[in-house]
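Number 275 marks the last residue of the sequence shown (numbering that gives the first Met the number 0); no jumps.
Positions of the beta carbon are idealized from the N, C-alpha and C atoms, including for glycine.
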Amino acid sequence: MNAIYLCFDDGALPCARACLNSLAQNAPGHPPLLVDYRGADAGMLRLLAERGATRLPAVAPPEFTALLRPTRGRDCARHRFGLWRRAFDGYGTILHLDADMLVLGPLYAPFAARQPVFVANHEADPAVRVFESRWRDDPVLNARLAEDGLPFPEGPDDMANAGFFALPAAFRTRAHLAGLARLAERYARWFAYADQSLLSLWLSAQGLRPSRDFRWNFQTPFFTDPTVQVPFEQIRVLHFSSPRKPGTRAFARWDRAGPDRNRIEALFCHYRDMAR
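Listed below in structure tokens is the structure:
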């Protein structure tokens, strides 16, 4: 049995509500929900119960808690590594969705893949990479990469975006968990983006790269990125990946949302405010 996993707290309630409603409307018959919700909002608890979601205990794997810094003050970046633990052994492919996503179509393809599905972060800014740029010539880092047979990941598509990924059961074994823990221990001191950096390095260690099929994780900065050409109607998962979320003043002023700003904000509000 496959499953869909989400992790969020009360700070992400509007996004999580929109995500869950878009999933129900646009991917009917989707696999069951596994939710790590660390909050007490009555409306959200009711919505999760109505959707038949299984609530999970909030436990971050100890292999990562001491090594990875939480992203933007929240701990979901470390909790997602729990997907490699024995509690999930009974599932087939698990699809991870960040709460700040809208599902705009069926999700058959990621579940059908035999290898992990990650989409490239594809950020032009050279500061947004697996390792901070100041470490490019660090002798210890480069020696460790050479020992592990890994190239230095310095391109815009070398880092996966960790909001959307599909993990077949064959890639969630204890051996893979140990491999992730080993990479975290060896490289965390140089990581620029904690979970994304670690997952990207793990993907490289499997001989795999993030996909450039941006339909499955269309991050909002792509609306003004001329190198990403995906018609709006082909987007399957829209990701409000910036700290600037719709419905906020920061989003209203954000230039990278481009001319589609009002359209995507209206879409978000539609799903957020659906009758529930």
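Answer yes or no: the CB of residue i versus the heavy atoms of the ligand FMN, is any distance below 7 Å?
i	result
residue 4	Within the structure as shown, the ligand FMN is missing, as the structure has no ligands at all.
State the Cα-Cα distance for the pair residue i and residue j, rounded to the nearest angstrom.
i	j	result
residue 67	residue 205	21 Å
residue 54	residue 242	26 Å
residue 97	residue 2	14 Å
residue 56	residue 187	26 Å
residue 44	residue 107	27 Å
residue 72	residue 264	Caution applies to residue 72, whose pLDDT of 49 falls short of 50 and renders its modelled position unreliable; the value that the coordinates give is listed next. C-alpha separation (whole angstroms): 25 Å.
residue 130	residue 91	32 Å
residue 247	residue 253	10 Å
residue 113	residue 93	12 Å
residue 182	residue 6	23 Å
residue 22	residue 209	23 Å
residue 152	residue 42	43 Å
Taking 8 Å as the threshold (C-beta atoms), are residue j and residue i in contact?
i	j	result
residue 273	residue 25	no
residue 213	residue 259	no
residue 121	residue 155	yes
residue 32	residue 52	yes
residue 163	residue 238	yes
residue 250	residue 101	no
residue 169	residue 110	no
residue 276	residue 235	Past the edges of the chain, shown from 0 to 275, lies residue 276, and the structure says nothing about it.
residue 87	residue 171	yes
residue 60	residue 84	yes
residue 8	residue 244	no
Which residues does DSSP pair with residue i in a beta bridge?
i	result
residue 3	32, 94
residue 278	This structure gives no information on residue 278, because the portion of the chain shown stretches from 0 to 275.
residue 8	37
residue 160	118
residue 48	Paired residues: none, contrary to the question.
residue 53	33
residue 213	Answer is none; residue 213 lacks a bridge partner.
Is it right to say residue i is buried, meaning 16 or more other beta carbons lie within 10 angstroms of its own, or is it exposed?
i	result
residue 118	buried
residue 115	buried
residue 0	exposed
residue 139	exposed
residue 136	exposed
residue 240	buried
residue 62	buried
residue 231	exposed
residue 132	exposed
residue 48	exposed
residue 13	buried
residue 123	exposed
Self-check item: Three or more C-beta pairs below 8 Å linking the segment 173-185 and the segment 212-231
Solution: Contact between the segment 173-185 and the segment 212-231 is absent: fewer than three C-beta pairs spanning the two stretches fall below 8 Å.
Quiz item: Is the segment 76-90 close to the segment 189-197, with three or more CB pairs under 8 Å?
Solution: Taking 8 Å as the limit for Cβ pairs, the verdict is that the segment 189-197 does touch the segment 76-90.
Quiz item: How do the segment 159-168 and the segment 35-47 stand: do at least 3 beta-carbon pairs fall below 8 Å, yes or no?
Solution: Cβ pair count under 8 Å is below three, so no.
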